[in-house]
Amino acid sequence: MKVIAILIILFLSINGQNRLKEKIDENDGLLLLDRNNYDYAIAKYPKLIVLFTTYGCNLCLQLKSTFIELAKRLREYEIYVAEVIACENRALSIRMNSTSYPAAYMYNEGEKSVFPNDNDLELLFEYTLQHSYGLITQLDLQKDIDLFIKRSNIAVLSYYTINEIADIAIKMPQIKFGIINQQINPKIHQAFITNKALSKEIYFNGQLEEFYDFIDKNAYPLVFSLTEEEFKKVEAEEIPIIGMVLDPNQFNDYIKSYYEIVAQEFKGKLRFILINTKNELTVRRFQYFVGQSLEYKRIYYYNLYTKYTVSLPYDEGSIPTFRKIVEQIQIYTESFWEGDGYVHDLIPLNYQIQINKNPNHIILFNEKNACDLCFGFNDIFNDLSIKYQHRNNLVFAKQNRSLKPIREIIVEEIPSVYIYLKQDGLVNLVIYKGELSEEAISQYIEENIPFTKFQQGSFPQTSGNEIDNSNFDKLILNNEKPVLFLFYSPNCEHSKAANQLFEQINPLFENKIIFCRTDATKNQFEGFNMNSYPQIFYITPKGRQIIKYDSQQRSIEKLVEFINEQLHIKNNYETLINNGKVISLTSDTFQDIVIKSKQHVLVKFYAPWCGHCKNMAKEYEELAVLFRGNKDVLIAEMDWTQHQVPTVSISGFPTMILFYKDGNSVEQIKYNKQRQAKQMKQFIEEIMNQHDEL
Numbered sequence: 001m002k003v004i005a006i007l008i009i010l011f012l013s014i015n016g017q018n019r020l021k022e023k024i025d026e027n028d029g030l031l032l033l034d035r036n037n038y039d040y041a042i043a044k045y046p047k048l049i050v051l052f053t054t055y056g057c058n059l060c061l062q063l064k065s066t067f068i069e070l071a072k073r074l075r076e077y078e079i080y081v082a083e084v085i086a087c088e089n090r091a092l093s094i095r096m097n098s099t100s101y102p103a104a105y106m107y108n109e110g111e112k113s114v115f116p117n118d119n120d121l122e123l124l125f126e127y128t129l130q131h132s133y134g135l136i137t138q139l140d141l142q143k144d145i146d147l148f149i150k151r152s153n154i155a156v157l158s159y160y161t162i163n164e165i166a167d168i169a170i171k172m173p174q175i176k177f178g179i180i181n182q183q184i185n186p187k188i189h190q191a192f193i194t195n196k197a198l199s200k201e202i203y204f205n206g207q208l209e210e211f212y213d214f215i216d217k218n219a220y221p222l223v224f225s226l227t228e229e230e231f232k233k234v235e236a237e238e239i240p241i242i243g244m245v246l247d248p249n250q251f252n253d254y255i256k257s258y259y260e261i262v263a264q265e266f267k268g269k270l271r272f273i274l275i276n277t278k279n280e281l282t283v284r285r286f287q288y289f290v291g292q293s294l295e296y297k298r299i300y301y302y303n304l305y306t307k308y309t310v311s312l313p314y315d316e317g318s319i320p321t322f323r324k325i326v327e328q329i330q331i332y333t334e335s336f337w338e339g340d341g342y343v344h345d346l347i348p349l350n351y352q353i354q355i356n357k358n359p360n361h362i363i364l365f366n367e368k369n370a371c372d373l374c375f376g377f378n379d380i381f382n383d384l385s386i387k388y389q390h391r392n393n394l395v396f397a398k399q400n401r402s403l404k405p406i407r408e409i410i411v412e413e414i415p416s417v418y419i420y421l422k423q424d425g426l427v428n429l430v431i432y433k434g435e436l437s438e439e440a441i442s443q444y445i446e447e448n449i450p451f452t453k454f455q456q457g458s459f460p461q462t463s464g465n466e467i468d469n470s471n472f473d474k475l476i477l478n479n480e481k482p483v484l485f486l487f488y489s490p491n492c493e494h495s496k497a498a499n500q501l502f503e504q505i506n507p508l509f510e511n512k513i514i515f516c517r518t519d520a521t522k523n524q525f526e527g528f529n530m531n532s533y534p535q536i537f538y539i540t541p542k543g544r545q546i547i548k549y550d551s552q553q554r555s556i557e558k559l560v561e562f563i564n565e566q567l568h569i570k571n572n573y574e575t576l577i578n579n580g581k582v583i584s585l586t587s588d589t590f591q592d593i594v595i596k597s598k599q600h601v602l603v604k605f606y607a608p609w610c611g612h613c614k615n616m617a618k619e620y621e622e623l624a625v626l627f628r629g630n631k632d633v634l635i636a637e638m639d640w641t642q643h644q645v646p647t648v649s650i651s652g653f654p655t656m657i658l659f660y661k662d663g664n665s666v667e668q669i670k671y672n673k674q675r676q677a678k679q680m681k682q683f684i685e686e687i688m689n690q691h692d693e694l
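Read left to right, the sequence shown gives residues 1 to 694 (full-length UniProt numbering).
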């Protein structure tokens, strides 16, 4: 009898514990979790956000009120929000690696990721929906399909297999792809697109090789409102953007339709955005580009390549008005000048673009009306521009101080020649003091302005060899060394990014690989199939084998790994050259670059949605420039939402840690001061000096 009684007690105890685990209370829409029901909640709710708070924390109280509102909005999407009071559940907090508060996490089918601890309700709501699924999701039930469409701003649903569309999904991470179970949902179309900004579904019945172009053409509206998906596309495409800021009292379908008509006329050349000031997230995202506050009834232009911004007011919302303003703004879309035998006119409208942004050197002639000396020198200057037209990186320009003087240029003498020398993104003004003759100026050019024969207009120079039909056989097919061969288009922004990769890795493979490139719009070679630019090929000695590189992988780490695979050598980042660029880290490269390298490494851990991270981005890039060529210091960054390492603990963004090397040991030193380049540089130098003294 005693044994039976003990068994009954044990059974009741276990049953009571199970009921305790399954009990989840709720307060103000938040599920209340503790050490008893935490794991059960994760298993019960496929989509779950958990906020860790503690008593006496004002930030926790503020964030909790935001999360209560978030929970209300997400409930209809079957996404739940929960709270854990950390000080009452210390063991659970330690297990979840939650050491500072508030902290938030998101669970997708049990998989944990960091969630923004931000008070912006709109940002949190959109972030949740955008991150509710991975790249590709299997949808077996109609309920799954309905929820997938409801939760996604842009959704592509198809009957293809995961393997068939994996490459497309990787290239379009901002779009959610769903695979429909054909046995449960009979196939009517091969695929279809849904977008909350579009009035109807768009169906696809073509071939798989046409699918990517179909999505790219049809998944987005003509005029953007800057959802997260649209924001990412704007950043990736680098097409100049036009944003119209509406008075909220005038926001109507007529204005929008007029704007769309003009947008259609400039489709492919400009990306049009309609900014409703009632949507704070749209305003913040557009301000991120233009870098200034927005005013009602203005149209803003921003060039993502030249970084130039301009805005113009409009009085009435009509097609002629919008068209006229866009046509006026088009002057800012002009490409950089290059040496072409002409003398270009420098005016206030193009000063910033051509002097401060154009990578080519500029020789400027300052003149005035009714100036006899200017009139005489004008012919000499024209002859010089023709003489040096073969030098694409040398531009001749003039400004008339009588008509449109540029206030940024201080001129003390007329006529005069100013020379703007460009190097590494910096502009150095030289006021020419020599004789104003063709011979004297030519001598100055030959002695002081280097000629880069590979310069192609605004396309940056490279350390490689320019290939055409005259030297293809010699340098490519008959070379004793392996060749890395870049096919580029001069006007393609992605080609320019690929060219920068060449410059970054060139020192790493000196005397091992020959770097070459060719303008694919002018040159075609047998054996190289081109359907887009840029393309990179690795060619074994004597041209025996051609191996294509995945040009979507635009990072120094990936390209180095690819080359090392071909050379059959182990990846080694100990001799990584500091070229003044911020190194992008991943979970795979963190150990090699940060821990194993001999240099001290400052790492910025950030999240793409973090406003403070975006605000300091330019300062951080400037910091990297300040350490250019430094053999002891590297500047790097890591997206903590995508890549994490167990040796680092991050509780907020941005977090900056200096990994200081002392022999074989690595010390982590956090930086918590002002986020300006000079202050961060001073911090690094002080740490190094302190350790040197010790």
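Ideal Cβ placement from N, Cα and C applies to all residues, glycine included.
Check, Outcome
"Please report whether the beta-carbon of Ile325 lies at a distance below 9 Å from any beta-carbon of chain C.", "Structure shown: chain C not included; a single protein chain is present."
"Under a three-way DSSP split, which group does Asp25 fall into?", "strand"
"Does the beta-carbon of Tyr133 have 16 or more other beta-carbons within 10 angstroms, so that it is buried, or is it exposed?", "buried"
"DSSP three-state label for Tyr101, please.", "coil"
"Let me confirm a value: Asp592 is counted as buried when at least 16 other C-beta atoms fall within 10 Å, else exposed. Which label applies?", "buried"
"Taking Leu585 as the reference, give the member of Ile136, Asp468, His600 and Phe605 with the closest Cα.", "Phe605"
"Which of the three DSSP states is assigned to Asp639 in this structure?", "strand"
"Where do the N-terminal and C-terminal ends of the beta strand (DSSP E) with His600 fall, by residue?", "His600 to Tyr606"
"Looking only at C-alpha atoms, which of Leu157, Asp379 and Asn163 sits nearest to Gln182?", "Leu157"
"Would DSSP call Cys374 helix, strand or coil?", "helix"
"With respect to the alpha helix (DSSP H) encompassing His189, which residues constitute its N-terminal and C-terminal limits?", "Where His189 is concerned, there is no enclosing alpha helix (DSSP H), given that its DSSP letter is neither H nor E."
"Rounded to whole angstroms, how far is the Cβ of Arg567 from the Cβ of Leu602, which I believe are closer than 8 Å?", "A small fix is needed here, since residue 567 is Leu in this sequence, not Arg. Actually they do not touch by this definition, with Cβ atoms about 30 Å apart."
"Is it true that the region 238-256 meets the region 268-279, where meeting means three or more beta-carbon pairs spaced less than 8 Å apart?", "yes"
"For Gln674 and Gly611, what's the separation of their Cα atoms in angstroms?", "15 Å"
"Can you check which of these residues, Thr647, Ser649, Pro646 and Glu622, is closest to Ala636 by C-alpha distance?", "Glu622"
"Report the rounded CA-to-CA distance for Phe67 versus Glu78, giving the unit in angstroms.", "15 Å"
"Following the continuous beta strand (DSSP E) through Leu31, name the residue where it begins and the one where it ends.", "Leu30 to Leu33"
"Have a look at Gly291, Val245 and Tyr259 and flag the residue whose alpha-carbon is nearest the alpha-carbon of Asn279.", "Val245"
"Do Asp632 and Met688 have their C-beta atoms within less than 9 Å of each other?", "yes"
"Could you round the C-beta distance between Ile546 and Ile536 to whole angstroms and report it? I think they count as a contact, below 8 Å.", "Actually they are not in contact, since the Cβ atoms of Ile546 and Ile536 sit about 11 Å apart, beyond 8 Å."
"Measure the C-alpha to C-alpha separation of Asn358 and Gln423 and round it to an integer number of angstroms.", "11 Å"
"In chain order, what residues of the same chain lie with their CB nearer than 6 Å to the CB of Gln690, ignoring the 5 residues before and after it?", "none"
"Look up Leu477 in the DSSP assignment and give the residues it is bridged to.", "DSSP, once it has assigned bridges, lists no residue as partnering Leu477."
"So, is Glu526 buried or exposed, given that buried needs 16 or more other C-beta atoms within 10 angstroms?", "exposed"
"Between Ile406 and Asp345, what straight-line distance do the alpha-carbon atoms span, to the nearest angstrom?", "12 Å"
"Please classify Glu210 as buried or exposed, where buried requires at least 16 neighbouring CB atoms within 10 angstroms.", "exposed"
"Pairs of beta-carbons, one from the region 438-446 and one from the region 473-482, closer than 8 Å: are there three or more?", "no"
"Report the three-state DSSP secondary structure of Cys57 (helix, strand or coil).", "coil"
"Tell me which residues share the same chain as Lys232 and place their Cβ nearer than 7 Å to its Cβ, disregarding the 5 neighbours each side in the sequence.", "Gln174"
"Run through DSSP, which three-state label would Lys512 get?", "coil"
"So does the region 141-151 actually touch the region 91-103, counting three or more Cβ pairs closer than 8 Å?", "no"
"Spell out a yes or no on whether the region 160-170 and the region 111-119 are touching, meaning 3 or more CB-CB pairs, one atom from each, closer than 8 Å.", "no"
"Using a Cβ-Cβ cutoff of less than 7 Å, which residues in the same chain neighbour Lys72 once the five nearest sequence positions on both sides are dropped?", "Gly29"
"Tell me whether Gln142 is buried or exposed, calling it buried when 16 or more other Cβ atoms sit within 10 Å of its Cβ.", "exposed"
"State the Cα-Cα distance for the pair Tyr160 and Asn185, rounded to the nearest angstrom.", "13 Å"
"Would you identify the three-state DSSP class for Ala397, choosing helix, strand or coil?", "strand"
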